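Peer 1: Its first residue numbered 1, the sequence shown is counted upward by one per residue in UniProt numbering.
Glycine included, every Cβ here is placed at the ideal spot set by N, Cα and C.
The model shown is predicted, which means the values in this text are computed figures rather than measured ones.
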Amino acid sequence: MRFAAIADIHGNHLALEAVLADIRAQEIDEIVNLGDFFSGPLEAGKTADLLMPLGLTSIRGNHDRYLIEQDPAAMHASDAAAYGQLSSSHLNWIRNLPFDTIYRGEVYLCHATPKDDNLYWLESVSPEGVVFLKPIEAIEALAEGIDLPLILCGHSHIPRAVRLSDGRLIVNPGSVGCPAYDDELPYYHKVEAGHPLASYAILEKAAGGWTWQFRTVAYDHMAMSALAAERGRADWAGALAAGWVR
1 MRFAAIADIH
11 GNHLALEAVL
21 ADIRAQEIDE
31 IVNLGDFFSG
41 PLEAGKTADL
51 LMPLGLTSIR
61 GNHDRYLIEQ
71 DPAAMHASDA
81 AAYGQLSSSH
91 LNWIRNLPFD
101 TIYRGEVYLC
111 HATPKDDNLY
121 WLESVSPEGV
131 VFLKPIEAIE
141 ALAEGIDLPL
151 ILCGHSHIPR
161 AVRLSDGRLI
171 VNPGSVGCPA
181 YDDELPYYHK
191 VEAGHPLASY
201 AILEKAAGGW
211 TWQFRTVAYD
221 HMAMSALAAE
231 RGRADWAGAL
241 AAGWVR
């Protein structure tokens with residue numbers, strides 16, 4: 001059993017195209033998609049038109065939820081920009097996606113954590129804004145009741161794998177389309193890949209259990225950086241150009 005996991009595309013259709021091409025080159029036919037497909041100042045509509053026909057096993061992220069729950073006038077700028085590009089069929093597709101799901105009977109999928117789509121599972125943030133790996137006890141507490149050998153999540157945009165004390169594996173594949181961002185909650189912090197490449201993961205079940213491979217893929221990130229700049233989002237432009245928030 002071998003498949004790819006993608007997450008946090010954030011409307012970056014060029015990054016998605018490159019990742020899909022790399023997945024095909026690895027001779028992988030199955031992909032799971034962990035949410036936050038569209039939010040951002042890029043190409044939400046093109047991303048939706050590329051993504052939806054693939055029929056991937058997909059779950060809804062927190063920003064996907066905002067697109068169908070919030071009044072457009074009250075949305076954050078990134079969500080509002082995406083909402084303006086999405087058709088009713090795109091939004092209905094989001095509405096029909098689950099919060100979480102089980103893939104092939106042994107892989108649990110959620111965007112962030114099993115009970116909260118806006119909480120980092122593997123990371124914590126200090127009051128000083130430092131993002132760090134959570135203690136194993138805190139990670140395991142959030143995994144209580146998920147009796148499956150492989151757990152996949154996204155949300156933090158940080159590629160990371162954590163083996164729990166009972167052998168279960170949690171993997172975050174990183175972000176396809178957004179290599180850096182800042183956030184005000186729970187304290188102001190930055191998440192920065194330090195490079196502009198697209199990220200995803202390959203999961204494989206072997207005799208000894210599940211293994212993972214993180215992959216990074218080059219694409220025309222400067223075209224997306226220029227688009228963000230044209231749309232008045234210098235923060236996104238810098239993040240897409242270099243993988244840092246400046």
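Checking 8 angstroms against the spacing of the C-beta atoms, do H63 and D100 come in under that value?
Peer 2: The answer is no: Cβ separation not under 8 angstroms.
Peer 1: If you count every other CB in all the chains shown that lies within 10 Å of the CB of S225, and 16 or more means buried, which is it?
Peer 2: So S225 ends up on the buried side.
Peer 1: How many angstroms separate the CA atom of L60 from the CA atom of Q85?
Peer 2: The residue asked about is misnamed: residue 60 is Arg in this sequence, not Leu. C-alpha separation (whole angstroms): 18 angstroms.
Peer 1: If A242 sits next to P196, beta carbons under 8 angstroms apart, how far is it from one beta carbon to the other, in whole angstroms?
Peer 2: That pair is a contact at about 6 angstroms.
Peer 1: Decide if F38 is buried, meaning its Cβ has at least 16 other Cβ atoms within 10 Å, or exposed.
Peer 2: Flag for F38 reads buried.
Peer 1: If you follow the beta strand (DSSP E) that W210 is part of, which residue opens it and which one closes it?
Peer 2: Run containing W210: 209 to 217, per the beta strand (DSSP E) assignment.
Peer 1: Could you please give the first and the last residue of the uninterrupted beta strand (DSSP E) stretch that includes residue 247?
Peer 2: For residue 247 there is no data in the structure shown, the boundaries of the chain being 1 and 246.
Peer 1: The ligand FAD and E69: does the residue's C-beta get closer than 7 angstroms to at least one heavy atom of that ligand?
Peer 2: Ligands are entirely absent from the displayed structure, and the ligand FAD is therefore not among its contents.
Peer 1: How is the beta strand (DSSP E) around D183 delimited, first residue to last?
Peer 2: Residues 180 to 183.
Peer 1: Considering only C-alpha positions, which residue in the set K205, L67, G40, F3 is nearest to L97?
Peer 2: Among K205, L67, G40, F3, the Cα nearest to that of L97 belongs to L67.
Peer 1: In angstroms, rounded to a whole number, what distance separates the CA positions of L91 and G40?
Peer 2: Near 15 angstroms, if we compare the C-alpha coordinates of G40 and L91.
Peer 1: With a threshold of 6 angstroms on Cβ separation, who are the neighbours of E30 within its own chain once the five nearest residues in sequence on each side are excluded?
Peer 2: Result list for E30: F3, in chain order.
Peer 1: Should D166 go down as buried or exposed, given a rule of 16 or more other Cβ atoms within 10 Å for buried?
Peer 2: Exposed: under 16 other Cβ atoms inside 10 Å.
Peer 1: Could you confirm whether any beta carbon from chain C is found closer than 8 angstroms to the beta carbon of L67?
Peer 2: In summary, chain C is missing from the structure at hand, where a single protein chain is found.
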